[in-house]
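Okay, so here's the structure we're looking at.
Number of protein chains: 2
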Amino acid sequence: MPQQAYTDLETHFARIGRIRNALGILGWDKDVMMPSGAADGRAESIATLSVLCHELMTSPVMGDLLARAEAPAGSWQEANLREMQRAYIHATAVPSDLVEASSRATSRCEMAWRTARRDSDFASLLPLLTEVLERTRDIAAAKGAALGLSAYDALLDQFDPGTRRTDIDPVFAELRRDLPGLIDAALAHQDRRPAPLPLAGSFPVARQEGLGRTMMTALGFDMSRGRLDVSIHPFCGGAEDDVRITTRYEQGDFLNAVMGVVHETGHALYEQGLPPEWRAQPVGQARGMSLHESQSLLMEMQVARSRPFMNWAAPLLRRTFDVADDDPAWSAENFYRTVTRVRPGFIRVDADEVTYPAHVLVRYDLETALIDGRLALRDLPDAFNAGIKALLGLTVPSDRLGCLQDIHWPSGSWGYFPTYTMGAIQAAQLRAAAFRDDPAIPDAIGRGDFAPLLAWLRPRIHAQGSRLSTPDIIRAATGAPPSTDAYRAHLRDRYCGPE
Amino acid sequence: MPQQAYTDLETHFARIGRIRNALGILGWDKDVMMPSGAADGRAESIATLSVLCHELMTSPVMGDLLARAEAPAGSWQEANLREMQRAYIHATAVPSDLVEASSRATSRCEMAWRTARRDSDFASLLPLLTEVLERTRDIAAAKGAALGLSAYDALLDQFDPGTRRTDIDPVFAELRRDLPGLIDAALAHQDRRPAPLPLAGSFPVARQEGLGRTMMTALGFDMSRGRLDVSIHPFCGGAEDDVRITTRYEQGDFLNAVMGVVHETGHALYEQGLPPEWRAQPVGQARGMSLHESQSLLMEMQVARSRPFMNWAAPLLRRTFDVADDDPAWSAENFYRTVTRVRPGFIRVDADEVTYPAHVLVRYDLETALIDGRLALRDLPDAFNAGIKALLGLTVPSDRLGCLQDIHWPSGSWGYFPTYTMGAIQAAQLRAAAFRDDPAIPDAIGRGDFAPLLAWLRPRIHAQGSRLSTPDIIRAATGAPPSTDAYRAHLRDRYCGPE
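If you read the sequences in order, they're chains A and B. Residue 245 in the UniProt record's numbering sits at position 245 of the first sequence; the count goes up by one each step and never skips. Residue 16 in the UniProt record's numbering sits at position 16 of the second sequence; the count goes up by one each step and never skips.
Shown next as structure tokens:
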């Protein structure tokens, strides 16, 4: 009864999906609401539910059903079955003692990293980070064997299903070749133009929050199925039909919060646009982290850091903070210049759109070499600093501003970094295709009407769930294979153009 | 290996406890944070985790371990084992198709009740309420058989373990005899004194909230292990080490919110004072709903609606709302008169301390008669109205203000009502014993120092968890068996006294 086996699998996965939804709310609460004294108890509750999910996923009945289940060729159920298989292999490939050893290693390393980063003390972190790397390599080998992939591709597949080094390497090679020249050209172009006027002042948090809600709603966020709150590190989380984004506010700088809200709204629109009929099923989940990042960067980089967007936003910003319409610092043009300012720096999360890929390229080179065993962990700081020097021309003064700045490696998220730049590339390609298919979109953005853009994205990206691979989604949406053409054109046009 | 069996049981129950903690946060979020569109998905997540708890509780391994486990006589582990057995019997006594039928019936009836109450339309609710009553009687019969209890006692035991009708009946008989006379005496006494001056004005919610936090903290609430938020119906929920209370604010009346916060803080202090070494174990949970209510009523009725409390609170209230010290409406005496005003009315949740028991007596009489089959549900409205007439002298004008006002019966919480008044009685007995043991407590309250009172309660009530029965906790704490003496003396002294 392959039909019945498939139906039973849907029931099983729906159950897992509902526990995951619970975990999404518990995780949000941990970062947004939870009092400090509840941390240990919450960690235990989250661990218990995570283990339950893992037990349900790896139960013998699951393997038995997967071996027998069938779905009609070309149906969404067939894609769902494929995603079930993928999830099952990922869950069962790693023996439970290795899962536990890795979890312990990352917990300890993450804790130690907070101190090591503050003190710029790589040496103190080295033993714990070595343990994390070794366990990550063990996991990569186990998953690689089960999936028929190289070690690094197996790690990548956790975050970006189907994406391989062979997809990334040629793209990143182009970028590595062009980026230094592009940065030089952008800086030269910028130097020929007046610097943006500063936006000094004190901007009440309540008004910044109201502004964020106005922007989210304008972009298409459904407030009846989500929330906006505050956390130290902004994120998009929550559950199906309950998509929760966060931001943080600084009295002295509202543009950071605005851009942060727009970014997380891009993620949230993807989640809110997933097909309701596939709810709680693997095929109904977002495709992967690069496509997810494409949605946030499409909204933040492609849309919000543009002149049409600022034409709409400038009057709204002036009204929000009671600024006169003729204040030159509050003109659309000055906002545009402010949010497209290029300034090479040490910190990835503070980087502008042009220099950001350099940070990713350096980390990708290093993490592939570390996973492959071509680089020793003790040599990481020198190699990191050499990479930054080569691409950005900067001399890293301390590991705090260098290889210790990100939580990804201490927390075991190896294979994650490339998805940021792959997402930026996809965002450019999708935006170009949307503007081509519906030339009315840019003018609509200039009026604060984002419905045409969302109408283009909804069926082509959001409603696809995980039915196709990321490249196939891009191909179907844009009519062309994934390529860096639009991305490089975008950077040239915006940052090295004649204006 | 009875020792190993016991240890395994602790592990099993800890797992269930952690899922319950997760459910506590999900339930809090549902009422405080969740956007409306997430209701269906949340209900599914909560149902999935509830079923998981039930599966873990009723698994064959649990019965096997319970049959083999032993713990040293007189140890807390022995009490834990007894509570495990109790939980197991409650969970396994009811066949799963009856659990499901009851859950379906209560869901439908609760939904219909909202409309029926609004429209005062008992007839429309009758078929659904009949279904709920029938399923509740089935559950009562099944649990009664497993526990060796009568049907109603089995229902009571769900909310107040160990309490039986034989404990309640004599107490309620005394009250039924004395209450009409007591109410008359209180009203006559009240009429001989000036009416309280009205506290008119608009009181900003932010200040009311700050006031609530000040009061909670003064009473001993640990803000690092809990929160205060807003919900439509105030409650105390959350999880171990994460006790969350809610209130609601009205611009025109801050005393309601203050008293509500004090009430929920009483519940929360109990939860925060449960023994950490028994965390996630059945013996580490609060004893039952009557003792829980005793803690909230001790703080609200015994402590906060008193002259010493108002001597401390009056200046704080004046400062909070910028009122002159000599405003007679804002004197301690006027606050005291306001919060001890007696006014017979139709709505239980709005009732004062003197008339409240009448509402409970009526409901207790009716629900025991309905469960026993001595009363037909179609006769409920008339019987309800007759009960209110007899005890309060009021003619109920509509079922909205009568038997349709509470959610308890439609939602299947039969056997809950008596715990309110049993708790009020325990609160008076505990307060009297505390004041006797430490005569410095009243003066300390007058200075806003609640530490001596909490120091008395912590070891005697909170840290007992579920080690003893409720009567044994009362006996050990007060040196006397449970009795209504202190309660009736309290009502006479406060409401019919010479002052």
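Positions of the beta carbon are idealized from the N, C-alpha and C atoms, including for glycine. Note that this is a predicted model, so its numbers are computed, not measured.
Using the beta-carbon count (16 or more within 10 Å), is residue i buried or exposed?
| i | result |
| --- | --- |
| K389(B) | exposed |
| S45(B) | buried |
| G74(B) | exposed |
| A116(B) | buried |
| T470(A) | buried |
| M216(B) | buried |
| A69(A) | buried |
| P397(B) | exposed |
| M111(A) | exposed |
| P410(B) | buried |
| D157(B) | buried |
| Y415(A) | Before going further, note that residue 415(A) is Gly rather than Tyr in the sequence given. That one is buried. |
| P459(B) | exposed |
| D191(A) | exposed |
Do you know offhand how far residue i's Cα is from residue j's?
| i | j | result |
| --- | --- | --- |
| M310(B) | I461(B) | 25 Å |
| S294(B) | G63(B) | 34 Å |
| T48(A) | F417(A) | 29 Å |
| P95(B) | D352(B) | 41 Å |
| R18(B) | A200(B) | 47 Å |
| L155(B) | V171(B) | 19 Å |
| L9(A) | H233(A) | 36 Å |
| D160(A) | G423(B) | 57 Å |
| A71(B) | S466(B) | 16 Å |
| E174(B) | G27(A) | 51 Å |
| D379(B) | V362(B) | 14 Å |
| L453(A) | L317(A) | 22 Å |
| H267(B) | P275(B) | 15 Å |
| A22(A) | T246(A) | 18 Å |
| E100(A) | L52(A) | 14 Å |
| A151(B) | I139(B) | 8 Å |
| D169(A) | L65(B) | 57 Å |
| V32(A) | R431(B) | 38 Å |
| E55(B) | F203(B) | 49 Å |
| R176(B) | Q208(A) | 59 Å |
Please list the partners that residue i has in chain B, where partner means a Cβ-to-Cβ separation under 8 Å.
| i | result |
| --- | --- |
| P234(A) | Result: empty, since nearest Cβ-Cβ is about 18 Å, beyond 8 Å. |
| R15(A) | T48 |
| L380(A) | What L380(A) touches in chain B: nothing, since even the nearest Cβ is about 38 Å away. |
| A206(A) | Ordered by position in chain B, no residue passes the 8 Å Cβ test against A206(A), which lies about 11 Å from the chain. |
Report the residue from the options whose alpha carbon sits nearest the alpha carbon of residue i.
| i | options | result |
| --- | --- | --- |
| A141(B) | D485(B), A93(B), D169(B), D97(B) | A93(B) |
| R468(B) | W76(B), L197(B), T214(B) | Residue 468(B) is actually Leu in this sequence, not Arg. Among W76(B), L197(B), T214(B), the Cα nearest to that of L468(B) is on W76(B). |
| Q285(B) | S296(B), M299(B), L298(B), Y270(B) | Y270(B) |
| T490(A) | P194(A), S306(A), D191(A) | As written in the sequence, residue 490(A) is His, which differs from the Thr given in the question. H490(A) has its Cα closest to that of S306(A), out of P194(A), S306(A), D191(A). |
| D121(B) | W456(B), R431(B), R400(B) | R400(B) |
| M223(A) | Q251(A), V258(A), V303(A), T265(A) | T265(A) |
| A444(A) | A39(A), A304(A), P180(A), G238(A) | A304(A) |
| T58(B) | Y88(B), I25(B), A5(B), S50(B) | Y88(B) |
| V342(B) | L182(B), Q158(B), R104(B), S103(B) | L182(B) |
| P127(A) | A146(A), A376(A), D438(A) | A376(A) |
| E277(A) | G41(B), I441(B), S50(B) | G41(B) |
| V360(B) | N334(B), H408(B), A313(B) | H408(B) |
| A39(B) | G393(A), D241(A), A476(A) | D241(A) |
| G237(A) | A280(A), G479(A), G24(A) | G24(A) |
Find the residues of chain A that neighbour residue i, judging by a C-beta separation of less than 7 Å, and give them in chain order.
| i | result |
| --- | --- |
| G226(B) | P35 |
| A145(B) | By Cβ distance, chain A contributes nothing, its closest Cβ being about 32 Å from A145(B), past 7 Å. |
I want to verify the contact list: residues of chain B whose CB lies under 7 Å from the CB of residue i, in sequence order.
| i | result |
| --- | --- |
| I25(A) | L26, D29 |
| M215(A) | Under the 7 Å cutoff, chain B gives no residues; its nearest Cβ is about 18 Å from M215(A). |
| G41(A) | N21, A239, E240, D241, D242 |
| L52(A) | L52 |
Find the residues of chain A that neighbour residue i, judging by a C-beta separation of less than 8 Å, and give them in chain order.
| i | result |
| --- | --- |
| S45(B) | R18, I19, N21, A22, I25, A239 |
| M223(B) | P35 |
What distance in whole Å lies between the Cβ atoms of residue j and residue i, which are believed to be in contact at a cut-off of 8 Å?
| i | j | result |
| --- | --- | --- |
| G402(A) | N385(A) | 6 Å |
| D153(B) | R135(B) | Going by Cβ atoms, the distance from D153(B) to R135(B) rounds to 18 Å, so no, they are not a contact pair. |
| L456(B) | D485(B) | Going by the sequence as given, residue 456(B) is Trp instead of Leu. That pair is no contact at about 19 Å. |
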